[in-house]
Amino acid sequence: MKHEVIEFLSNSDLDSLLEESNRIRDLHWGKVVTYSRKVFVPLTNMCRNTCSYCTFVKDPNSEEANILTKDQVIDIIKKGQNTGCKEVLFSLGEKPERRYPIAKRALKKIGFDTTVDYLKEVCKLTLQKSNLIPHVNAGTLSLEDIKKLKPVTASMGMMLETTSKRLTKKGQPHYACPDKMPIQRIRTLEKAGVMKVPFTTGLLIGIGETFSERIDALKTINRIHKKHGHIQEVIIQNFQRKPDILMKNSPEPSKEDMMRTIATARIILSPDISIQAPPNLSNSHSDLLNAGINDWGGISPVTIDFINPQHSWPHLEDLKKGTEAKGFKLKERLTIYPKYQKKLGFVSNKIENHICALADNDGLASDQYLEVI
Ligand code: SF4
14 MKHEVIEFLS
24 NSDLDSLLEE
34 SNRIRDLHWG
44 KVVTYSRKVF
54 VPLTNMCRNT
64 CSYCTFVKDP
74 NSEEANILTK
84 DQVIDIIKKG
94 QNTGCKEVLF
104 SLGEKPERRY
114 PIAKRALKKI
124 GFDTTVDYLK
134 EVCKLTLQKS
144 NLIPHVNAGT
154 LSLEDIKKLK
164 PVTASMGMML
174 ETTSKRLTKK
184 GQPHYACPDK
194 MPIQRIRTLE
204 KAGVMKVPFT
214 TGLLIGIGET
224 FSERIDALKT
234 INRIHKKHGH
244 IQEVIIQNFQ
254 RKPDILMKNS
264 PEPSKEDMMR
274 TIATARIILS
284 PDISIQAPPN
294 LSNSHSDLLN
304 AGINDWGGIS
314 PVTIDFINPQ
324 HSWPHLEDLK
334 KGTEAKGFKL
344 KERLTIYPKY
354 QKKLGFVSNK
364 IENHICALAD
374 NDGLASDQYL
384 EVI
């Protein structure tokens, strides 16, 4: 990317940037903004990393550490099905069994060697027992892991967060977090591309990275997408302070910073990549739409945002009103975007029926969906 473009993205007045990001968004995505009605399943809150901004992770020796049982998972999924959800998002800590013997023993006790093996099992169960379509957020994955999970999921995700190696040094938020070495996350993005997995990634902003490091992360995502064509959405997520984290006194990104980053993402990334910002982490939905997003991500009528538990989901009716007030139509989508539903090699056989039953003619979520099981 030319130096002048980086200069423009970093320093130009915000209005010019927004004008360009809106132009690109409207041209490619029209006047439709989407969301996915989903349930969140926090399969395990144990993790081998210790990111300084994380409130989700629990010490495996504490009473709060857990691995959900199959019955608990099915219970959440059934609640989701009964409230019209179409996606189940499995979010979990990364490979706790590789660091903590207690986590390894807990997995062994339920019959599994690795977290990914158990994840595969609960995705399979989801497909057998519900209409819901699994999306997994399991962090860095090997090619073997992706091969195991692809037949039982429609899409996968992992936030790249940042490409800054600086943030892995002592005193920084990713210190001693093996899965947060940027190269490991970049490799996962690449492997997902090789395996033709519709993939969600994104940036976590405000954890100590510079603006040009954000640009570098966006360029990295775009480069990998150009090679494999599998990045279906990019989330721009703003860091939120919480009382129980190491970064409890760090400043949160300002509204202008968030808007500039979203607009920059819209300008740098290929226009076919959906841009999403979490609606529960902002006071103004209108600002996020003005910045150039076309998607609100997952919203749940059943489960909280386990990553930012202090921020509840907006009421769907309010989100609809706010979206319409800016001239957009709010539509529900599935976890897998329409474009990938028909793309050769991107959908596995086990998932096809579920997608057919839940999608309308445009590949978005149907109001009149059929029972799969
Ligand atoms: S943010 Fe994710 S990778 Fe980091 S400690 Fe929390 S669960 Fe683990």
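Residues in the sequence shown are numbered from 14 upward in steps of one, following our numbering. The beta-carbon is built from N, C-alpha and C at its ideal position, and this holds for glycine as well. Model, not experiment: these values are computed from the prediction.
message: So if DSSP puts Q289 in a beta bridge, which residue, or which two residues, is it bridged to?
response: Translated into positions along the sequence shown, residue 289 becomes position 276. Looking at the DSSP output, Q289 sits in a beta bridge with I248, D308.
- request: In the DSSP assignment, find the unbroken beta strand (DSSP E) run with P114 in it and report its ends.
  value: The sequence position of residue 114 within the sequence shown is 101, counting from 1. From DSSP, P114 is part of no beta strand (DSSP E) but of the alpha helix (DSSP H) over 114-122.
- prompt: Is there contact here, the stretch 339-347 with the stretch 190-208, by at least three beta-carbon pairs under 8 Å?
  reply: no
- prompt: According to DSSP, which residues form a beta bridge with G170?
  reply: As a first step, residue 170 must be located in the sequence shown, where it is residue number 157. The partner list for G170 (beta bridge, DSSP) reads T213.
field: Residue range of the alpha helix (DSSP H) that includes Y131
entry: As a first step, residue 131 must be located in the sequence shown, where it is residue number 118. In the DSSP assignment, Y131 falls within the alpha helix (DSSP H) that extends over 128-142.
message: Rounding to the nearest angstrom, what Cα-Cα distance links V210 and K108 in this structure?
response: Translated into the one-based positions of the sequence shown, residue 210 becomes position 197. Translated into the one-based positions of the sequence shown, residue 108 becomes position 95. Rounded to whole angstroms, V210 to K108 spans 21 Å at the Cα level.
field: Beta-bridge partners of F359, as assigned by DSSP
entry: By 1-based counting over the sequence shown, the position of residue 359 is 346. Secondary-structure assignment with DSSP links F359 through no beta bridge to anything.
Residue of N303, Y66, W326 minimising C-alpha distance to L30: Counted from its first residue, the sequence shown places residue 30 at position 17. Answer by Cα proximity: N303.
Euclidean distance between Cα positions of I228 and D84: Indexing the sequence shown from 1 puts residue 228 at position 215. Indexing the sequence shown from 1 puts residue 84 at position 71. Taking the straight line joining both Cα atoms gives about 43 Å.
field: Cβ neighbour criterion (16 or more within 10 Å) applied to L371
entry: Position 358 of the sequence shown, counted from the first residue, corresponds to residue 371. Buried, because 16 or more other Cβ atoms sit within 10 Å of the Cβ of L371.
- prompt: Is it a yes or a no for the stretch 213-231 touching the stretch 281-291, going by three-plus beta-carbon pairs under 8 Å?
  reply: Cβ pair count under 8 Å is three or more, so yes.
message: Helix, strand or coil for R50? Go by DSSP, reduced to three states.
response: The sequence position of residue 50 within the sequence shown is 37, counting from 1. In the structure shown, R50 sits in a strand (DSSP, three-state: E or B).
- prompt: Out of I146, I280, P314, L332, which has the shortest C-alpha to C-alpha gap to K4?
  reply: The displayed coordinates of the chain run from 14 to 386. Any statement about residue 4 would go beyond what the structure contains.
message: Here's the rule I'm using: 16 or more other beta-carbon atoms within 10 Å means buried, otherwise exposed. How should N144 be labelled?
response: Here the question's residue 144 lines up with position 131 in the sequence shown. Looking at its Cβ environment, which holds 16 or more other Cβ atoms inside 10 Å, N144 is buried.
message: Taking the alpha carbon of Q253 as the reference point, which residue from H324, K333, I364 has its own alpha carbon closest?
response: Taking the first residue of the sequence shown as 1, we reach residue 253 at position 240. Residue H324 is the option with its Cα nearest to Q253.
task: For L301, name the three-state secondary structure that DSSP assigns.
output: Reading the sequence shown from its first residue, position 288 is the one you call residue 301. Note: L301 maps to helix in three-state DSSP.
Nonlocal neighbours in the same chain, by C-beta distance under 8 Å from V247, ignoring five residues either side: Mapped onto the sequence shown, residue 247 falls at position 234. The answer, listed in chain order, is T213, T214, G215, L216, L231, I234, A278, L282, I286, S287, I288, Q289.
message: Quick check: what's the CA-CA separation for D126 versus Y353?
response: As a working mapping, residue 126 is identified with position 113 in the sequence shown. As a working mapping, residue 353 is identified with position 340 in the sequence shown. Going by the C-alpha atoms only, they are around 32 Å apart.
message: With distance defined between alpha-carbon atoms, name the residue in V54, N307, Q197 nearest to A276.
response: In the sequence shown, the residue the question calls residue 276 occupies position 263. Nearest C-alpha to A276: N307.
field: Alpha carbon of G358 to alpha carbon of N74, nearest angstrom
entry: Here the question's residue 358 lines up with position 345 in the sequence shown. Here the question's residue 74 lines up with position 61 in the sequence shown. Going from the Cα of G358 to the Cα of N74 covers about 42 Å.
- request: May I ask you to list the residues that DSSP assigns as paired with K342?
  value: Counting from one through the sequence shown, the residue named residue 342 turns up at place 329. Bridge partners of K342: V45.
- prompt: What separation, rounded to the nearest whole angstrom, lies between the Cα atoms of N62 and G152?
  reply: Within the sequence shown, the letter at position 49 stands for residue 62. Within the sequence shown, the letter at position 139 stands for residue 152. Approximately 10 Å, taken between the alpha carbons.
message: Between the alpha carbons of R36 and G340, how many angstroms are there, rounded?
response: Here residue 36 refers to the residue found at position 23 when the sequence shown is read from its first residue. Here residue 340 refers to the residue found at position 327 when the sequence shown is read from its first residue. One C-alpha to the other measures close to 14 Å.
task: Tell me where the alpha helix (DSSP H) around V18 begins and ends.
output: On the sequence shown, residue 18 is found 5 positions in, with the first residue counted as 1. Residues 16-24.
- prompt: Can you find a C-beta in chain B that's less than 9 Å from the C-beta of I280?
  reply: Among the chains in the structure shown there is no chain B, since it carries only a single protein chain.
field: Residues that V149 bridges to, as DSSP identifies them
entry: Position 136 of the sequence shown, counted from the first residue, corresponds to residue 149. Bridge partners of V149: F103, M169.
query: Just reading off the alpha helix (DSSP H) that Y66 is part of, what are its end residues?
result: Walking along the sequence shown from the start, residue 66 turns up at place 53. Per DSSP, Y66 belongs to no alpha helix (DSSP H) and is neither H nor E.
- prompt: Apart from the five residues on each side of it in sequence, which residues of its chain come closer than 7 Å, Cβ to Cβ, to D375?
  reply: Counting from one through the sequence shown, the residue named residue 375 turns up at place 362. P351, listed in sequence order.
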